[in-house]
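Structure, as structure tokens:
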């Protein structure tokens, strides 16, 4: 092609000069018909034709042409030569298949080949565009300026970027590591997007281009960072872009430098997770809370853009005021209710019901539910508000004392049986306790469950009502008179009684005289002689007789003695013996009788000792 071009350049001037020096016959005829150019005054047109006849072309040259007409397959372009050039219409189609030129448009084209003999031209519009794109790419590579391209496809190790128009674009390789400053988890998200990149490598001959979006972003970031740091100050309100969202906060780009918006500084209210409010790319306004130039650490806040709502809580929510809010959280000990953004109150589980025993708030409340409560306490400094749910309704304990005065006999159902007593349902939400000590006057009760079961109907007497502590004391044994009030009448001192042995200890023997009434035979009262311990002398359940020697109704004690019975028997025997002897001896004195008796015993004792000797 180069030889053809050189030959054309050598031949074309000669032919053109000859044509100019020797007008054609048709030209002479035209001159005769119309007169000389000087006569017609059209010398300028002649010069244009002459210059046109001198025009030459060189393969590979970019020339300007004018669209003459467009048909289904070709676009005809006039480049000022003896014949028009044809370009496939496909080189002019847009993204949607429409032709992007119209007749009369001037366009730049690449001359691929031409034949001066037959006037044939081979031209291309897309190749002219491609050459211009390459010139722009090389210029951008040399100057370090960015180029714009469209991510067209995913290739091994990266993405393919089309620079320039699709019909004549140049492909560049964008490695995964050069897509962004941060690692990209989803490269497919860039498909079809326009990106600006810097050219890292460029080889025109091999048509090899390596681009980097990351390098451009880093360059822009460094410049923004320099400008930001020069003016950054605590208390400053600036606009930033969310870069990343974590469990503990949000990282915000405030101009080439990232600041941390901690979760506690997002809102005065409760935040479940930062992702509920932010996503990457969001533009937000933040306040600089702190800035450390040494490590370029920046702390940001959003809630600080508004006034702390707790400053006016005491005015807005006075004690005793009824308030409405939304349940935002349930815990084992209560429910948190949002009264307004940033202000929450706690309904403790003990403040939820007058009547029911609430083990967990979920029994009566659920998250998202709107409730009405009463303000019980406000502590702005600690940012705490105590609320009450049960205070919305009248306190049933205010009427209990009037309905059930002390001494009233009530009937109810056993709600629960414990080691220490029995709970009886009085009315909705009010239970009375019969302590184990108030179940019986006389019986020793090891466990209330030995007498009662849950669901049993039971009668009891009201012993005490404590409205402050919400306690209702009942008694079952009080339905009957206390047997100890008449104990001295039934067991007077000096009476001989019989009972069953219920227990034997080192210090004495317990004897049941009647149901619920026991007496104690102290170890010193077991026998006339000295006894170290009564254990082994008595069997449980055996019957014994003893003399009542002491009665203490208030202390519920009865003292018994076996020894006194024996002493009484000896005294009685002695008296009978004395009486009989006196009748035999007549007027013998008691003293003489005693002396005689003692003498007799002495004689017996002496004989006994002699035998032992």
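Residue numbers (the working numbering): 21 to 633.
Just so it is clear, CB atoms sit at the ideal spot from N, CA and C, and this is done for glycine as well.
Source: prediction; values computed, not measured.
Taken through DSSP and simplified to helix, strand or coil, residue 205 comes out as coil. Residue 487 is a Cβ neighbour of residue 418, given a cutoff of 9 Å.
In summary, residue 232 is buried, with 16 or more beta-carbon neighbours lying within 10 Å of its beta-carbon over all protein chains present.
DSSP, read as helix, strand or coil, puts residue 463 in coil. Bridge partners of residue 153 according to DSSP: none are assigned. When Cβ pairs closer than 8 Å are counted between the two stretches, the segment 272-291 is seen not to touch the segment 213-228, the count staying below three. Linking residue 262 to residue 321 through their CA atoms gives a straight-line distance of about 13 Å. A straight-line Cα-Cα distance of about 17 Å links residue 510 and residue 520. Where residue 385 is concerned, there is no enclosing beta strand (DSSP E), because DSSP gives it neither an H nor an E. For residue 565, there is no enclosing alpha helix (DSSP H); the residue is found in the beta strand (DSSP E) stretching over 563-572. Per DSSP, the unbroken beta strand (DSSP E) holding residue 531 starts and ends at 528-534. When only Cα atoms are considered, residue 545 and residue 505 end up about 26 Å apart. For residue 281, the enclosing beta strand (DSSP E) starts and ends at 278-282. Secondary structure within the segment 216-300: the alpha helix (DSSP H) runs of 4 or more consecutive residues, fully enclosed, are 233-251 (chain order).
Note: residue 491 is bridge-paired with 486 in the DSSP secondary-structure output. When beta bridges are read from the DSSP output, residue 473 appears opposite no residue. Residue 387 sits away from residue 407, with the two beta carbons spaced by 9 Å or more.
Taken through DSSP and simplified to helix, strand or coil, residue 511 comes out as coil. With 16 or more other Cβ atoms from the protein chains shown falling within 10 Å of its own Cβ, residue 480 counts as buried. Taking a cut-off of 8 Å for Cβ pairs, the segment 196-212 and the segment 138-158 do not touch, as fewer than three such pairs fall below it.
Look at the beta carbons and you see the segment 437-456 not touching the segment 395-402: under three pairs across the two are nearer than 8 Å. For the pair residue 507 and residue 573, the CB atoms are nearer than the 9 Å cut-off. By alpha-carbon distance to residue 385, the top candidate from 432, 352, 241 is 352. Around the Cβ of residue 581, a 10 Å sphere holds 16 or more other Cβ atoms; the residue is buried.
Residue 311 is bridged by DSSP to 318.
In the DSSP assignment, residue 334 falls outside any beta strand (DSSP E) and lies within the alpha helix (DSSP H) extending over 333-336.
Between residue 95 and residue 119, the gap from beta carbon to beta carbon is short of 9 Å. By the CB criterion at 9 Å, residue 269 and residue 286 fall inside the cutoff. Across the set 220, 193, 189, 248, the C-alpha of 193 shows the shortest separation from the C-alpha of residue 175. Put simply, the backbone Cα of residue 494 is about 5 Å away from that of residue 482. For residue 420, the uninterrupted alpha helix (DSSP H) run begins and ends at 417-423, by DSSP. With respect to the 9 Å criterion, residue 516 and residue 566 are classified as neighbours on the basis of their beta carbons. If you check the CB distance, residue 86 and residue 99 come in under 9 Å.
523 is the residue among 523, 463, 132, 571 whose C-alpha sits nearest the C-alpha of residue 561. Taking one beta carbon from each stretch, the segment 423-430 and the segment 372-385 have fewer than 3 pairs nearer than 8 Å; the two do not touch. Less than 9 Å separates the beta-carbon of residue 104 from that of residue 141.
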